[in-house]
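The sequence shown begins at 3 in the working numbering and counts up by one.
All residues carry an ideal CB built from backbone N, CA and C; glycine is no exception.
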Amino acid sequence: MTKVRCFRRSLLALAVAGCSPFTSAQMLEEVVVTAQKRAANLQDVPIAVTALTSNELADANIEGQLQLQKLTPNLNFTLTSTFAAPYLRGVGTQFALPGLESSVATYVDDVYMPRAISGIYSFSDIERVEVLKGPQGTLYGRNATGGAIRILTRNPTEEFEASAALTVGSYDRVSVDGSVNVPLGDSASLRVAVRTDENDGFVRNVAPDAAFDRYNRDEELYSAKLLLSPSDELTIMLSGKYVAKKDREGNAFSNLFSAPEQVGAVLGGCIVTDSNAKEACNDNPFVENDVEMWSGGLRVDYELDAVTLSSITSYIDLAESNCADNDSTGANFQNSCGEPFTEQWTQEFLLTSQLGGAFEYTAGLYYLSEESGYPIGIFGAAIDGGFGGFGIFPAVFVGAGSVEVESLAPYLQVDWDLNDFWSLTLGARYTWEEKKLVENYGGVAQQGADGFFNPETLLRAPLGPCVAAGQVLCEAAPDSLNFNEFTPTATLSYRPSDELLLYGTIARGFKSGGYNLPAFGAVDAVDPEILNDFELGWKYQHGNIRFNGAVYYYDYQDLQVSRIRTDGGVEVENAADASIFGAELDLTWLVTDQFELAAGFGYTDSEYDNFVGDLFTSAASSPACADAIATPDPADDAACLGLQQSVADHAGNSMPIAPELSGYLRGTYSLSLGDRGNFQATAIANYQSEFYYDAGNQFEEDARTLLSVNVTWTSPNERFFASVYGENLGDVDFNLSNAPGPAGGWRVPGPPRQVFLRVGVNF
């Protein structure tokens, strides 16, 4: 760098510092991320990233993905049963089904998580979480249209360390977690982590003779990592994890309406009359989520002089069973039970340059093989009355199918410093993918003692056209779909000083198409969705201030939208096109050595450009039911019950789960108590403006501000600690999901005020 350029940079830095009210002797710590598959300072990475360390997660009481939105503007989550749906900048998938995954990818230690259930697992032994915003199609593949959530767990180290903690609190919560790191000689070390988490649930089931409440939690997580270092150049990491959940988290389906819109209420079923109550009136005795996931991984890194060669191999075996009360009342009108499953292998080869100069590159080859399916049965009076049942046993309306996926994608990204001020990043990925419909059949079967259908009683038709035939629907012949897509990215960066980085990005992401499974009849194919991102951003850090932000415009084509079918199932359709414009700001200010202030702001303006989709209206208000009584006799006026499903032009409507404004304000105060230890208090206020759950903009969630506080004492040697923390201290009423349907629909209440005590020890 010439003396003239150095002088120009120094003048700019001094000017910014001299005008800044935040200048002081304190310095913010450097934040290291691996968002671009190589370690780098957050301020040097020209993409929008929210990075949260393990300490920041603990201070903010963030114990799982659903709570990441507390410190991540423009991130939202919905939860329905085991469907945990992340939305980034208005992009997401309400019900991610087999073969039609989420539009926001989740990775744990660089392993892709195929199912939405991963969003409700607790964090355990976490090193860092990175939320990458905008399409990540080059480095993270086909289902990172809206972005990627990267969860990084702690690796084994050369030092012995151990920790254990106990958490107790509201709704009889008891959680125990711990980890131990053990060196095994000079070239190996082992790290093991365990977590259990239980509570009794905060949603009271008011149905007569209800045996249990809803939204309880019962979870176990076990993980292990073995690090081998045979030489200075070679490292081998073996990992394994087991997760088990057997609870009713997310399964508190509370009614949206009263009679006649809520069909079960007409049949005499109880309902919840207070729309904000943490109550549900559910009669389905089988409601429970039973989930088991086994996963294993092998990572090998070999360092040469100018490049690191990596191999990442993973295996996931996930099995679920879940049941829901679809009519959301005390009447046995419409219930469902499903058994989704996934088996996935991935293999990635990665070349990461270590040239140390003006040119660096990352090249890789990614392969995925997956088989997944979702057998589901819908039962109750809506089904049994129509098919007559099997004597004393009720009938089950069955849809069952499975799909195989193979995906292969080479990719390359280069980073080139053109001179002292300008840098260029170019990336490209090409994906070949095949999805095979292995089988799909629909029909009527006998309900088993556990709520699931008995396959031996299923009435099936021969292979051929899917047409109704008495009590039998159809069995679809095997089929296949192929998708090929090129997803490039280009970023031009300008660094006028060491403190400031400006960048502009053009990037493409795509989510592959697939099949609508489970299907109770003909299986419809779904096209891929494409998102083109045009983004301008900046990153600034000087001394005690960090200020990052971005503005973006999305051209969103053929986006995939979930809808509730008239038979009670879920399917996905392509919703034409949409446009999204938005902005984000993140500020961290170390005011003094004791006090840190942070704030984040997100703005999203989303709009369907053209989309003709579902519109739900009261069936009783239709002209044909004008003379119907307020609560029709279901035998005479069945057509006047529930919601009538029609279509309407949604052009100009806001997209679902896309609040216009979101943000947070965080303050952290630390105080040394000398030989009595250390004190720290963190308070967070998180805000979301109102938003809609549906494309018709009929079902709205009110604006809300949630307050959380954490007060922690740590012993002088940092061996012991105790925390008292609270969530939703204002006891604000809100919902985690809202799903209208022909039988009326449901909502899932969000958690009320909760307070916890956590004590622990470090060795």
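CB contact below 8 Å: residue i versus chain D
i: Arg130; result: The displayed structure is made up of one protein chain only, and chain D is not part of it.
Buried or exposed (CB count within 10 angstroms, at least 16 for buried), residue i
i: Met29; result: exposed
i: Gly654; result: exposed
i: Asn421; result: exposed
i: Gln356; result: exposed
i: Trp347; result: exposed
i: Glu350; result: buried
i: Phe162; result: exposed
i: Asp61; result: buried
i: Thr670; result: buried
i: Val405; result: buried
i: Ile508; result: exposed
i: Val757; result: exposed
i: Glu221; result: buried
i: Phe488; result: exposed
i: Phe618; result: buried
i: Val750; result: buried
i: Asn719; result: exposed
i: Phe765; result: exposed
i: Phe738; result: A small fix is needed here, since residue 738 is Leu in this sequence, not Phe. Counting Cβ neighbours within 10 Å, Leu738 comes out buried, since at least 16 surround it.
i: Thr684; result: buried
i: Gly233; result: One detail in the question is off: residue 233 reads as Ser in this sequence, not Gly. By the neighbour-count rule (16 or more Cβ atoms within 10 Å), Ser233 is not buried but exposed.
One or two residues paired with residue i in a DSSP bridge
i: Leu196; result: Correcting the residue type first, residue 196 is Val in the shown sequence and not Leu. Bridge partners of Val196: Gly180, Tyr224.
i: Asp481; result: Leu439
i: Val574; result: Ser564
i: Val398; result: Phe381, Ala447
i: Met295; result: Val245, Leu320
i: His544; result: Ile547
i: Leu353; result: Leu311, Ala365
i: Tyr89; result: Asn78, Gly94
i: Tyr555; result: Phe536, Phe583
i: Glu290; result: Glu290 pairs with nothing; no bridge assigned.
i: Lys513; result: Glu531
Pairwise C-alpha distance: residue j and residue i
i: Glu160; j: Leu494; result: 40 Å
i: Ser672; j: Gln682; result: 4 Å
i: Met657; j: Gly698; result: 9 Å
i: Val47; j: Gln38; result: 8 Å
i: Ala190; j: Ala660; result: 47 Å
i: Val196; j: Ser181; result: 6 Å
i: Ala521; j: Gly403; result: 7 Å
i: Ser717; j: Lys280; result: 39 Å
i: Asp529; j: Ser608; result: 21 Å
i: Ala166; j: Asp179; result: 6 Å
i: Gly728; j: Asn712; result: 7 Å
i: Ala1; j: Gly298; result: The structure shown does not extend to residue 1, since the chain is modelled only from 3 to 765, so the question has no answer here.
i: Asp767; j: Val574; result: Past the boundaries of the shown model lies residue 767; the chain is included only from 3 to 765, so the question cannot be answered.
i: Gln690; j: Gly584; result: 15 Å
i: Gly515; j: Gly644; result: 32 Å
i: Arg40; j: Gly379; result: 46 Å
i: Gly506; j: Pro88; result: 25 Å
i: Cys8; j: His544; result: For Cys8, the pLDDT reaches just 40, beneath the cut-off of 50, and the residue's location in the model is therefore unreliable, leaving the point undetermined.
i: Ala365; j: Arg301; result: 16 Å
i: Phe613; j: Ala384; result: 31 Å
i: Leu311; j: Val184; result: 27 Å
i: Ala326; j: Asn57; result: 37 Å
i: Ala360; j: Val416; result: 11 Å
i: Ala641; j: Asp174; result: 45 Å
i: Phe597; j: Phe603; result: 21 Å
i: Thr491; j: Pro754; result: 43 Å
i: Asp651; j: Asp526; result: 22 Å
heavy atom of the ligand ZN below 7 Å from residue i C-beta
i: Pro287; result: Absent from the structure shown: the ligand ZN. Ligands present: none.
Are the stretch 130–138 and the stretch 526–539 touching by the rule of at least three beta carbon pairs closer than 8 Å? yes
With a floor of 3 residues, list each beta strand (DSSP E) that falls wholly inside the stretch 570–630, ordered by position along the chain. 572–576, 579–592, 597–612, 614–620
Which ranges would you report for the beta strand (DSSP E) in the stretch 227–285 if only whole runs of at least 3 residues count? 236–249
Answer yes if the stretch 310–321 comes into contact with the stretch 108–126, meaning at least three C-beta pairs across the two stretches below 8 Å, and no otherwise. With a cut-off of 8 Å, the stretch 310–321 and the stretch 108–126 count as touching, because enough Cβ pairs lie within range.
Three or more C-beta pairs closer than 8 Å, one from the stretch 284–293 and one from the stretch 248–258: is that the case here? yes
Given 8 Å as the limit, is there contact between the stretch 297–313 and the stretch 424–433, that is, 3 or more CB pairs closer than that? The stretch 297–313, when compared against the stretch 424–433, does not touch it at the 8 Å Cβ threshold.
Secondary structure, beta strand (DSSP E): runs of 3+ residues fully inside the stretch 131–186: 149–155, 163–171, 175–185
Count Cβ pairs between the stretch 208–220 and the stretch 84–104 that sit closer than 8 Å; are there 3 or more? The answer is no - the stretch 84–104 does not touch the stretch 208–220, with fewer than three Cβ pairs under 8 Å.
Contact between the stretch 435–444 and the stretch 542–559 (3+ Cβ pairs under 8 Å): Result no; under three Cβ-Cβ pairs closer than 8 Å.
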